[in-house]
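Keeping their order, the protein sequence lines are chains A and B. Residue 193 in the numbering used here sits at position 193 of the first sequence, and the numbers go up by one each step. Residue 1014 in the numbering used here sits at position 14 of the second sequence, and the numbers go up by one each step. Here a beta-carbon is modelled for each residue, glycine too, at the ideal position from N, C-alpha and C. These figures come from a predicted structure and were not determined experimentally. Notes follow once the structure below has been shown.
Protein chains: 2
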Amino acid sequence: MTKGGGFVALIGAGPGDAGLLTLRGRELLAAAQCVVYDRLVGDGVLAMMPPEAVKINVGKVGGGHFVPQQEINGILVREAQKGRFVVRLKGGDPFVFGRGGEEIEALNESGIAFEVVPGVTSALGGLACAGIPATHRGVARSIHVVTAHTKEGGLAHLDYEALAKLGGTLVFLMGAAAVPEICSELLRAGMPESSPAAALENASVAAQRLIRGTLAELAGRCAAEKLKAPALVVVGGAVGFAEAFAWKKFLP
Amino acid sequence: MTKGGGFVALIGAGPGDAGLLTLRGRELLAAAQCVVYDRLVGDGVLAMMPPEAVKINVGKVGGGHFVPQQEINGILVREAQKGRFVVRLKGGDPFVFGRGGEEIEALNESGIAFEVVPGVTSALGGLACAGIPATHRGVARSIHVVTAHTKEGGLAHLDYEALAKLGGTLVFLMGAAAVPEICSELLRAGMPESSPAAALENASVAAQRLIRGTLAELAGRCAAEKLKAPALVVVGGAVGFAEAFAWKKFLP
Chain A
1 MTKGGGFVAL IGAGPGDAGL LTLRGRELLA AAQCVVYDRL VGDGVLAMMP
51 PEAVKINVGK VGGGHFVPQQ EINGILVREA QKGRFVVRLK GGDPFVFGRG
101 GEEIEALNES GIAFEVVPGV TSALGGLACA GIPATHRGVA RSIHVVTAHT
151 KEGGLAHLDY EALAKLGGTL VFLMGAAAVP EICSELLRAG MPESSPAAAL
201 ENASVAAQRL IRGTLAELAG RCAAEKLKAP ALVVVGGAVG FAEAFAWKKF
251 LP
Chain B
1001 MTKGGGFVAL IGAGPGDAGL LTLRGRELLA AAQCVVYDRL VGDGVLAMMP
1051 PEAVKINVGK VGGGHFVPQQ EINGILVREA QKGRFVVRLK GGDPFVFGRG
1101 GEEIEALNES GIAFEVVPGV TSALGGLACA GIPATHRGVA RSIHVVTAHT
1151 KEGGLAHLDY EALAKLGGTL VFLMGAAAVP EICSELLRAG MPESSPAAAL
1201 ENASVAAQRL IRGTLAELAG RCAAEKLKAP ALVVVGGAVG FAEAFAWKKF
1251 LP
C-alpha cells in the first residue's frame, strides 16, 4: 500500500458507532503509520488506531481551537512525504461536508497518491439509528442534505422555498445552533406548522438523543432540553416513523 | 441476538465492493441462519453468507421476475417465526430507496424484533469510488437524492424547477433507463447545457464505468456507450472533479 513517496487514505469513520466503520476502513486503519483524526470520529473507532502509529488530533475541542483546513492539508502532505502510510480519519464520509476534496487537491499538488474509503454518513445512517427512514414509499420520496455550518456557506445560501417544495426528507448537518433559524425559515417558506421535525444528538452511539416535535414546536423543545452539538436536524414525513421503527430497544 | 420469536437484521451491504460492508453488518451476517438478499448486493458480500444458512434470493434477474415487496415481507415474517436469526441483506442502505420501512411495518405487525444496520449508499459512496465528491466547498453545497425508478413514484413526482434552483449535487438512483428524461427535464427547468453530468455504472466494483459529458451531451453518450443498469446519474459542479480526484489508478 505505502509507496515511496507516501500514501494517504481518506477514510470515513461513520456516524460514531465503531460497528459502522467499513471493513476496508478498518483494514487500512490497522496498517496506518500516522493517523490524522477529527473530533467527530467515534471513540470506538479511535480505539482501533495502531498503538505504534503517530496520532495527530486536528479537531481539538478542549483547548477551544480547531486546526485550520489549510494546516490540515499541510500536515497530510508533510507526513506522506516522510514516506508514511497516512490515514486521514473523518467522522461520517470524507465527501459529505467533510472537505475531503480540499485535502485531495493538496495531495495532487504534491504528487501524493491517495485512496478514498467512503463511510456511512450521519445524514442517512445516523437517522436510521434513531428509527427514521431517509425515504419511505409514498411519504418521503427524496433526500436533501445541507449543512447548517455557516463557515461552509451553509444556511446563508439556502433556497428554503425550493427545499420546502420538494416534499422529501430535509437533513441539516451541524444543526445544533441553527434549530430556530431552520424552523422559522422553513415555516416562512410555506411548510406546514405540523410538519414532523426532530433534532438528533450523538447519532448512533450510546449517548444518542432524539428530540421530536412539529416544525412549530421543535426550536422550543430543543432549547428546553438543551440540545448539544454534534446534532443534525431532520424535517419531513419520515420523522413520523421514529417511534414505530425504533430498534435499539430490542438490543441486549 | 436471536430471540424466541426470531429476529431480523436489515443490513445495508453498500454499493457493491465487499470492503464497504460495515463491521456490524459482517458480524451479523456471519451469525445468520437465513439470508434474504437482493440482486444489488455485491458478489463479495454474498460470499460472506454462512454456508449453512438458508439463502433466499428475492431479486432474481435471470428468470426475469422480481419477488413483489409484499411477498418479501411475508418471507421475513415466516422465517423469523421459525425462530431463526434472519438477515435481510440489501444493496446500498435499507432506508435509501430500499423499502426497509415497509419490511419493518410487516415485522411490527407480527411482533418480531429487528435491528437496522445502515450501509454506505451508492448515491454518496458510489460517487466517491469514481472520484466525485458529493459536496465541495464553493462548488457543491448540498446533496439531493431521488430515484428514477418510476414504480417508486420517482420521476413523475419530481419538481425539476426546484431541483435545478438548488445548485447542489443531484443524484438519480436507478437512472440507467431514464438518462434522456432526466437531462431534458433539467434543461427545460433552466439548468445550463454546460452543466457537468455523468452516469455511473456498477459503482465501486471492478466493472465500474463512468460516462461523462455536459447535461446536453450525456444522453447521447450513454446511448453510444450502451449504459447498463444498475447505474446512477449525477449532475452538478462536483462531477467536474472526477478526473482530478480519481483514485483507483493508485491501487495495485
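One or two residues paired with Thr121 (chain A) in a DSSP bridge: For this step, residue 121 (chain A) is matched to residue 121 along the first sequence. Under DSSP, Thr121 (chain A) takes part in no beta bridge, so it has no partner.
CB contact check: Gly1126 (chain B) to chain A, cutoff 9 angstroms: For the purposes of this step, residue 1126 (chain B) is taken as the residue at position 126 of the second sequence. The C-beta of Gly1126 (chain B) comes closer than 9 angstroms to at least one C-beta of chain A.
Short Cβ contact (9 angstroms threshold) for Val146 (chain A) with Ser1142 (chain B): Position 146 of the first sequence, counted from the first residue, corresponds to residue 146 (chain A). Position 142 of the second sequence, counted from the first residue, corresponds to residue 1142 (chain B). A distance below 9 angstroms separates the beta carbons of Val146 (chain A) and Ser1142 (chain B).
Local conformation of Arg25 (chain A) per DSSP, three classes: Walking along the first sequence from the start, residue 25 (chain A) turns up at place 25. Checking the sequence shown, residue 25 (chain A) turns out to be Gly, not Arg. Looking at Gly25 (chain A) - three-state DSSP - the assignment turns out to be helix.
Beta carbon proximity, Gly1111 (chain B) to chain A, threshold 9 angstroms: One-based indexing of the second sequence puts residue 1111 (chain B) at position 111. No, its Cβ sits nowhere closer than 9 angstroms to a Cβ of chain A.
Alpha-carbon spacing of Gly19 (chain A) relative to Gly1125 (chain B), whole angstroms: Residue 19 (chain A) sits at position 19 when you count from the first residue of the first sequence. Residue 1125 (chain B) sits at position 125 when you count from the first residue of the second sequence. About 17 angstroms.
CB contact flag (Ile104 (chain A), Val116 (chain A), <9 angstroms): The sequence position of residue 104 (chain A) within the first sequence is 104, counting from 1. The sequence position of residue 116 (chain A) within the first sequence is 116, counting from 1. With respect to Val116 (chain A), Ile104 (chain A) sits close: the two C-beta atoms are nearer than 9 angstroms.
Burial state of Leu1163 (chain B) (16 or more Cβ within 10 Å): In the second sequence, residue 1163 (chain B) corresponds to position 163, counting from 1. With a 10 Å radius around the Cβ and a threshold of 16 neighbouring Cβ atoms, Leu1163 (chain B) comes out buried.
Alpha helix (DSSP H) runs wholly inside the segment 95-164 of chain A, at least 4 long, in chain order: For the segment 95-164 of chain A, whole alpha helix (DSSP H) runs of length 4 or above, ordered along the chain, are 100-109.
is_contact[Glu1105 (chain B), chain A] using C-beta, thresh 9 angstroms: Here residue 1105 (chain B) refers to the residue found at position 105 when the second sequence is read from its first residue. Yes, because at least one Cβ of chain A sits closer than 9 angstroms to the Cβ of Glu1105 (chain B).
Cross-chain neighbours of Gly119 (chain A) in chain B, by beta carbon under 8 angstroms: Here residue 119 (chain A) is taken as the residue at index 119 of the first sequence, counted from 1. Neighbours of Gly119 (chain A) on chain B, chain order: Val1120, Gly1125.
As assigned by DSSP and simplified to three states, the class of Ala198 (chain A): The residue given as residue 198 (chain A) occupies position 198 in the first sequence. DSSP places Ala198 (chain A) in the strand class (E or B) of the three-state scheme.
Bridge partner(s) assigned by DSSP for Phe7 (chain A): If you number the first sequence from 1, residue 7 (chain A) lands on position 7. DSSP output for Phe7 (chain A) lists A:Phe85, A:Ala113 as bridge partner(s).
Delimiting residues of the alpha helix (DSSP H) encompassing Ala242 (chain A): If you number the first sequence from 1, residue 242 (chain A) lands on position 242. In the DSSP assignment, Ala242 (chain A) falls within the unbroken alpha helix (DSSP H) covering 242-245.
Host alpha helix (DSSP H) of Gly1044 (chain B) (start-end): The residue given as residue 1044 (chain B) occupies position 44 in the second sequence. In the DSSP assignment, Gly1044 (chain B) falls within the alpha helix (DSSP H) that extends over 1043-1046.
is_contact[Phe85 (chain A), chain B] using C-beta, thresh 9 angstroms: As a first step, residue 85 (chain A) must be located in the first sequence, where it is residue number 85. Under the 9 angstroms criterion on CB atoms, Phe85 (chain A) is classed as non-interfacial with respect to chain B.
Between the CA atoms of Leu186 (chain A) and Ser195 (chain A) - distance to the nearest angstrom: Taking the first sequence and counting its residues from 1, the one referred to as residue 195 (chain A) is at position 195. Taking the first sequence and counting its residues from 1, the one referred to as residue 186 (chain A) is at position 186. Looking at the two C-alpha atoms, the distance is approximately 10 angstroms.
Sub-9 angstroms separation of Lys1174 (chain B) and Pro1230 (chain B) beta-carbons: Start at 1 with the first residue of the second sequence, and residue 1174 (chain B) comes out as number 174. Start at 1 with the first residue of the second sequence, and residue 1230 (chain B) comes out as number 230. The sequence given here places Met at residue 1174 (chain B); Lys does not occur at that position. Result yes, Cβ atoms of Met1174 (chain B) and Pro1230 (chain B) sit closer than 9 angstroms.
Beta-carbon contacts of Ala1130 (chain B) that lie in its chain and below 8 angstroms, excluding the five residues immediately before and after: Start at 1 with the first residue of the second sequence, and residue 1130 (chain B) comes out as number 130. Closer than 8 angstroms at the Cβ level, and outside the excluded window around Ala1130 (chain B), lie Ala1198, Leu1200, Ala1203, Gln1208, Leu1210, Ala1242, Ala1246.
Arg1039 (chain B): first and last residue of the uninterrupted alpha helix (DSSP H) it sits in: On the second sequence, position 39 is the one that residue 1039 (chain B) refers to. In the DSSP assignment, Arg1039 (chain B) falls outside any alpha helix (DSSP H), carrying neither H nor E.
Status (buried if at least 16 other CB within 10 Å, exposed otherwise) for Arg1026 (chain B): One-based indexing of the second sequence puts residue 1026 (chain B) at position 26. The residue is buried, with at least 16 neighbouring Cβ atoms inside 10 Å.
Residue environment, Leu218 (chain A), which counts as buried when at least 16 other CB atoms sit within 10 Å: Working through the first sequence from its first residue, we reach residue 218 (chain A) at position 218. Buried is the label assigned to Leu218 (chain A), since at least 16 other Cβ atoms lie within 10 Å of its Cβ.
Helix, strand or coil at Ile1206 (chain B) [DSSP, three-state]: Here residue 1206 (chain B) corresponds to residue number 206 of the second sequence, with the count starting at 1. The residue you asked about is not Ile; residue 1206 (chain B) is Ala in the sequence shown. Coil, per DSSP.
Per DSSP, the bridge partner or partners of Phe172 (chain A): Numbered from its first residue, the first sequence carries residue 172 (chain A) at position 172. For Phe172 (chain A), which the question treats as bridged, DSSP gives the partners A:Val146, A:Val233.
7 angstroms CB neighbourhood of Pro50 (chain A) in its chain, flanking five on each side removed: Taking the first sequence and counting its residues from 1, the one referred to as residue 50 (chain A) is at position 50. Setting aside the 5 residues that flank it on each side, Pro50 (chain A) is surrounded in the same chain by Ala30, Ala32, each with a C-beta closer than 7 angstroms to its C-beta; the list follows chain order.
Beta-carbon neighbours of Arg26 (chain A), restricted to chain B and to distances below 9 angstroms: Position 26 of the first sequence, counting from 1, holds the residue named residue 26 (chain A). Per Cβ cutoff of 9 angstroms: Leu1023.
Within chain B, partners of Gly16 (chain A) - CB distance below 7 angstroms: Position 16 of the first sequence holds residue 16 (chain A). Those do not exist, as Gly16 (chain A) stays about 12 angstroms from chain B at its closest Cβ, beyond 7 angstroms.
Three-way DSSP call (helix, strand, coil) for Lys55 (chain A) in this model: As a first step, residue 55 (chain A) must be located in the first sequence, where it is residue number 55. In the structure shown, Lys55 (chain A) adopts extended strand secondary structure according to DSSP, grouped into three states.
Cutoff 9 angstroms: Val1179 (chain B) Cβ touching any chain A Cβ: Here residue 1179 (chain B) corresponds to residue number 179 of the second sequence, with the count starting at 1. Not an interface residue.
Inter-residue spacing [alpha-carbon to alpha-carbon] between Val45 (chain A) and Asp17 (chain A): Taking the first sequence and counting its residues from 1, the one referred to as residue 45 (chain A) is at position 45. Taking the first sequence and counting its residues from 1, the one referred to as residue 17 (chain A) is at position 17. Between the alpha carbons of Val45 (chain A) and Asp17 (chain A) lies a gap of roughly 8 angstroms.
Separation of Phe1172 (chain B) from Tyr160 (chain A), as counted between CA atoms: Locating residue 160 (chain A) in the first sequence gives position 160, where the first residue counts as 1. Locating residue 1172 (chain B) in the second sequence gives position 172, where the first residue counts as 1. Here the alpha carbons of Phe1172 (chain B) and Tyr160 (chain A) stand approximately 21 angstroms from one another.
Limits of the unbroken alpha helix (DSSP H) element including Pro1180 (chain B): Your numbering for residue 1180 (chain B) matches position 180 in the second sequence. Per DSSP, Pro1180 (chain B) belongs to the alpha helix (DSSP H) from 1179-1188.
Pair within 9 angstroms by beta-carbon distance, Gly92 (chain A) and Gly12 (chain A): What you label residue 92 (chain A) is simply residue 92 of the first sequence in a count that begins at 1. What you label residue 12 (chain A) is simply residue 12 of the first sequence in a count that begins at 1. Taking 9 angstroms as the cut-off, the Cβ atoms of Gly92 (chain A) and Gly12 (chain A) count as close.
Listed by chain order, chain A residues near Asp1093 (chain B) by CB distance under 9 angstroms: Taking the second sequence and counting its residues from 1, one reaches residue 1093 (chain B) at position 93. Ordered by position in chain A, the residues that pass the 9 angstroms Cβ test against Asp1093 (chain B) are Val120, Leu124, Gly125, Ala128, Ala134.
DSSP bridge partner residues for Gly1092 (chain B) (one or two, in chain order): Here the question's residue 1092 (chain B) lines up with position 92 in the second sequence. For Gly1092 (chain B), which the question treats as bridged, DSSP gives the partners B:Gly1014.
Pro1015 (chain B) versus Ala1123 (chain B): straight-line alpha-carbon distance, rounded: Taking the first residue of the second sequence as position 1, residue 1015 (chain B) is located at position 15. Taking the first residue of the second sequence as position 1, residue 1123 (chain B) is located at position 123. Rounded to the nearest angstrom, the two C-alpha atoms are 8 angstroms apart.
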